[in-house]
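Sequential numbering from 0 applies to the sequence shown in numbering that gives the first Met the number 0.
Backbone N, C-alpha and C fix where the C-beta goes; we use that ideal spot for every residue, glycine too.
Every value quoted in this text rests on a predicted model; they were computed, and no experiment measured them.
Working notes for the structure below.
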Amino acid sequence: MNRHAPGIARQVAVLSLAGILTLGATSAFAEDEPFGPVKALETKPALVELGKRLFYDPRLSGDTSLSCSSCHQPDKAFTDGEALSIAYTGSLHFRNTPTLANVGHRKAWFHDGRLGTNLNDVTRESITETYFMNMDMRIMQERLKQDPVYVEMFEAAGKGEPSNGGARSAIQEFLKSITSSGAPFDTGDMSDSANAGFELFKGKAGCAACHTGPRFTDDQPHNIGVPENPEIWSDPERHVAFVTYAKFMGVENYMNLRRDLGAFVRDHRQESAGKFMTPTLRELTYTAPYMHNGMLATLEDVVDFYNAGGGNAANKDIRVRPLNLTDEEKTQLVDFLKSLSGNSFDVPSYNPGEIDTDYPLIADWRNQTN
Ligand code: HEC
Ligand code: HEC
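Spelled out as structure tokens, the structure:
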């Protein structure tokens, strides 16, 4: 216990400093934007269209079994409704598929925040990583060049002939175009109960300490003590993906590890273990189940979890503590969370399954394996 004492003392010091700053005119979190609608990012329409077709195209995975949209489904705000995601043939994923709503505004990506530079890295890893789409970029480029529709679309988007760099920049452009709109919170159509929930969110329940700004996230990792999902270790197909990841991230003793260390992989510091990125609270109505490993099924479960003071973790964030909310207050908080979900996202007019995969490379491959 003593080992943690200095850390807690530091956090208390930071908190009281924040308190002093709040007393002054400026916000304690000066860099945070105020609550409000999410701003649409500027995008180039022809590049977005190209990125969108690529996003729905299973030819971007090694064996053409998966497109980005297999896991990021537009009618579920680009999640998949599963606690833990599927993955490339022969494996299953060890994380919950996050929403892509407003993902272009994020400062670091993936639940552990391990990619902190830009969406290009995220897109590259999603395509090439063995447990995502297991695709060789050079083969991807050849596949795209054989499709006359892509040849035209790359040209129209100003990217010349199909290339893997061009494909990545188009997918990023599509990701940047996914913006939340029309939520009751933005349109002013909130119920009295949801309004009361917003007051609790900012006040008694303390949620706004981490869920700030238009997207309701500080883009930082915190430890709130979500329990492990045992399926990651009991299911060999999930475990193989987890081991691949932990080994690649340089985690020691990865074969015996029975814990998702989260943001530990960013800096290999013990105090980062168990921290996960604060997710956006936009579109929650469509994105159940919740948390990095899908361990909480409903928004009622989430509010009960926080009301009980979060989970059990030695280095849990001190701002997650028992809240003593009444049943009415819990309902109000859930109503508020629901008011952050807006218009559904654009589903492509073509059926993604109808993208022609019968071109020579794929046909050859199918003949060889069948
Ligand atoms: C097999 C399922 C699957 C496929 C296919 C997939 N993803 Fe994901 N995606 C996930 C999961 C799971 C995560 C979280 C990974 C983690 O935290 O380690 C994720 C994370 C992301 C993120 C980061 C979101 C955030 O808020 O941090 C982006 C962006 C993303 N995916 C885009 C894509 C794109 C673009 C493609 C296609 C090129 C793609 N994904 C293909 C399952 C998938
Ligand atoms: C100390 C920072 C912090 C505080 C305070 C906090 N949260 Fe969170 N919240 C997080 C983090 C971090 C996660 C992700 C944890 C994980 O994936 O394991 C999260 C996850 C969530 C999720 C799940 C979203 C999803 O898509 O999976 C909801 C809903 C949520 N919080 C609502 C709340 C509410 C309501 C409160 C107040 C009662 C609150 N949070 C207080 C940091 C915080």
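Next on the checklist: So, does the stretch 99-108 touch the stretch 169-182, judging by three or more C-beta pairs under 8 Å?
Outcome noted: yes
Checklist entry - Sorted by chain position, which residues of the same chain lie with C-beta nearer than 6 Å to Ala62's C-beta, five sequence neighbours on each side aside? => result Reading off the sequence shown, one finds Asp at residue 62, where the question assumed Ala. Around Asp62: Thr88.
Item to check | Sheet register partners of Thr78 (DSSP bridge) | outcome: Gln72
Checklist entry - How long is the line joining the alpha carbons of Ser271 and Gly159, rounded to whole angstroms? => result 44 Å
Checklist entry - Where does Pro57 fall in DSSP's three states? => result Judged by DSSP in its simplified three-state form, Pro57 adopts helix.
Next on the checklist: Could you pull the DSSP bridge partners for Pro226 from this structure?
Outcome noted: Answer is none; Pro226 lacks a bridge partner.
Checklist entry - Phe153 bridges to which residues according to DSSP? => result Phe153 pairs with nothing; no bridge assigned.
Item to check | Opening and closing residue of the alpha helix (DSSP H) in which Pro97 lies | outcome: Counting along the chain, Pro97 falls outside any alpha helix (DSSP H), and DSSP gives it neither H nor E.
Item to check | Contact under 9 Å by Cβ, Ala418 with Leu53 | outcome: Residue 418 cannot be examined here, being either before or after the span of the chain that is shown, 0 to 369.
Next on the checklist: I'd like to know whether the C-beta atoms of His110 and Gly308 end up nearer to each other than 9 Å.
Outcome noted: no
Checklist entry - By a C-beta neighbour count over all protein chains shown, 10 Å radius and 16 as the cutoff for buried, is His92 buried or exposed? => result Its Cβ being crowded by 16 or more others within 10 Å, His92 is buried.
Checklist entry - So, is Phe247 buried or exposed, given that buried needs 16 or more other C-beta atoms within 10 angstroms? => result exposed
Item to check | Closest residue to Ile231 among His71, Ile85 and Leu40 (Cα-Cα distance) | outcome: Ile85
Next on the checklist: Measuring straight from C-alpha to C-alpha, what distance separates Phe173 and Tyr55?
Outcome noted: The alpha-carbon separation between Phe173 and Tyr55 amounts to approximately 11 Å.
Checklist entry - Leu22 by DSSP, collapsed to three states: which one? => result Note that Leu22 scores 36 on pLDDT, short of 50, meaning its location in the model is unreliable and no value can be drawn from it.
Checklist entry - Taking the continuous alpha helix (DSSP H) assigned at Tyr244, which residues delimit it? => result Pro235 to Phe247
Item to check | DSSP state of Thr337 mapped onto helix, strand, coil | outcome: Here the sequence assigns Lys to residue 337, which means Thr is not the residue at that position. Lys337: helix per DSSP, three-state reduction.
Next on the checklist: Using CA atoms only, rank isn't needed, just tell me which of Met136, Gly164, Gln171 and Asp146 is closest to Thr42.
Outcome noted: Gln171
Item to check | Reduced DSSP category for Tyr87 - H, G, I as helix; E, B as strand; rest coil | outcome: Of the three classes helix, strand and coil, the one that applies to Tyr87 here is coil, per DSSP.
Item to check | Enclosing alpha helix (DSSP H) for Thr186 [first to last residue] | outcome: Counting along the chain, the alpha helix (DSSP H) containing Thr186 begins and ends at Pro183 to Thr186.
Next on the checklist: Between which two residues does the alpha helix (DSSP H) holding Asp303 run?
Outcome noted: Leu298 to Asn306
Next on the checklist: Relative to the C-alpha of Asn342, which candidate in Lys203, Asn292, Ala76 and Arg167 has its C-alpha closest?
Outcome noted: Ala76
Checklist entry - Going along the chain, which residues of its own chain have a beta-carbon closer than 6 Å to the beta-carbon of Leu46, five neighbours each way excluded? => result Ala156, Ala169 and Glu172
Next on the checklist: Could you check if Val225 belongs to the surroundings of ligand 1, using beta carbon to heavy atom distance under 8 Å?
Outcome noted: no
Item to check | Residues near Leu49 in its chain [Cβ-Cβ closer than 6 Å; skip 5 each side] | outcome: Met152, Ala156 and Ala169
Item to check | Sheet register partners of Met276 (DSSP bridge) | outcome: Pro220
Checklist entry - If Ala293 and Leu83 are in contact, beta carbons under 8 Å, what's the gap, nearest whole angstrom? => result For the record, residue 293 in the displayed sequence is Gly; it is not Ala. Rounded, the Cβ-Cβ distance is 6 Å, consistent with contact.
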